[in-house]
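Structure first, then comments.
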Amino acid sequence: MESELSVRDALTKEYVGVNESDTVLSVVRLLRRERSSCALVLRGAEPVGIVTEWDVLDLVAEEGDPAETTVDEVMSTPVETIGADRSLTGAADVMTRQKFRNLVVEDEDGLLGVLTQRDVIAVAGSFQPTTMASPGQAVSTTSSAGADEERVPSSDEYTTQGVCEACGSLAESLFESNGQLLCADCRTV
Numbered sequence: 003m004e005s006e007l008s009v010r011d012a013l014t015k016e017y018v019g020v021n022e023s024d025t026v027l028s029v030v031r032l033l034r035r036e037r038s039s040c041a042l043v044l045r046g047a048e049p050v051g052i053v054t055e056w057d058v059l060d061l062v063a064e065e066g067d068p069a070e071t072t073v074d075e076v077m078s079t080p081v082e083t084i085g086a087d088r089s090l091t092g093a094a095d096v097m098t099r100q101k102f103r104n105l106v107v108e109d110e111d112g113l114l115g116v117l118t119q120r121d122v123i124a125v126a127g128s129f130q131p132t133t134m135a136s137p138g139q140a141v142s143t144t145s146s147a148g149a150d151e152e153r154v155p156s157s158d159e160y161t162t163q164g165v166c167e168a169c170g171s172l173a174e175s176l177f178e179s180n181g182q183l184l185c186a187d188c189r190t191v
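Just so we're aligned: 35 in the numbering used here is position 33 of the sequence shown, and the numbers increase by one with no gaps anywhere.
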């Protein structure tokens, strides 16, 4: 019997680290050079924040100046961490439910790296989810309020986690629409 993969098995050990006083423009240039979607903001060896492409997009949308704005003004805090020995499935669940694209991975010795959505997708191996229930067959779920409930999925709903083919987000449920598997947000667009 094969054991479940852990976060340690999938994480990106080489990560981009920046300082709180760096400008956003210098961080964007570094991210492009390193082909990374996020940078850990470090104070010494301690992660104190994370800068993602979304933080940069927010700055640009607010007409801020990336050359004049420092990382500490745009970084996301606190840093969301996960233990290295946690199951990869558990980490993917946290990412999906909390809408995080990146989790900082730590063990008893400190910072190990960053687990990204891309890491999870790469390990998942297949982007083609399988339908868990036949149309008309009830599926047990837990509602956001924590109550167990049964519902009947539509024929175009996939009940496994997967990656939306439109936005690239990890989603709890995917729906087939015009030959694509889409998350609930993209399906309504």
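Yeah, the Cβ is synthetic: ideal placement off N, Cα and C, and Gly gets one too.
Compute the beta-carbon to beta-carbon distance between V106 and V9, rounded to the nearest angstrom, for a pair I have assumed lies under 8 Å.
Contact between V106 and V9 is absent: CB atoms are separated by about 11 Å, not below the 8 Å threshold.
Residues near A47 by beta carbon distance below 8 Å, same chain, minus five either side
The residues G112 and L113, in chain order, have a CB closer than 8 Å to that of A47 in the same chain once the five nearest residues on each side in sequence are set aside.
What residues in its chain sit with their C-beta under 6 Å from that of E65, if we drop five residues either side in the sequence?
Closer than 6 Å at the Cβ level, and outside the excluded window around E65, lies no residue.
Here's the rule I'm using: 16 or more other beta-carbon atoms within 10 Å means buried, otherwise exposed. How should A86 be labelled?
A86 is buried by the Cβ-count criterion.
Provide the residue span of the beta strand (DSSP E) that contains C188, from first to last.
Unbroken run through C188 is the alpha helix (DSSP H), A186 to R189; no beta strand (DSSP E).
At what residues does the alpha helix (DSSP H) containing G92 begin and finish?
Unbroken alpha helix (DSSP H) run through G92: L90 to Q100.
DSSP-derived helix/strand/coil call for R103
Look at R103 here: in three-state DSSP terms it is coil, with no helix or strand label.
Sequence-distant residues of the same chain with beta carbon closer than 7 Å to A69, five excluded per side:
Excluding sequence neighbours, A69 sits near T25 and L27.
Candidates E167, S23, P80 and L90, of which the one nearest V122 by Cα
Comparing C-alpha distances from V122 to each of E167, S23, P80 and L90 shows the shortest one belongs to L90.
Suppose you measure from the CA of E82 to the CA of N104; what does that come to, to the nearest Å?
Each residue's Cα considered, the two are about 8 Å apart.
Beta-carbon proximity of L33 to L117, cut-off 8 Å:
For the pair L33 and L117, the CB atoms are not nearer than the 8 Å cut-off.
Flag this pair as yes or no: are the beta carbons of L61 and V43 separated by less than 8 Å?
The criterion of a C-beta distance shorter than 8 Å is not satisfied by L61 and V43.
Suppose contacts are defined by Cβ-Cβ distances below 8 Å. Is G115 in contact with K15 by that definition?
By the CB criterion at 8 Å, G115 and K15 fall inside the cutoff.
Would V50 pass as a contact of T79 if the rule is Cβ separation under 8 Å?
Result yes, Cβ atoms of V50 and T79 sit closer than 8 Å.
For I52 and R99, I'd like the C-alpha separation in whole angstroms.
So the alpha carbons of these two residues sit roughly 19 Å apart.
Report all residues from its chain with a CB closer than 7 Å to the CB of D57; omit the five preceding and five following residues, and keep chain order.
Once the five neighbours on either side are set aside, the close Cβ partners of D57 are V76, M77 and S78.
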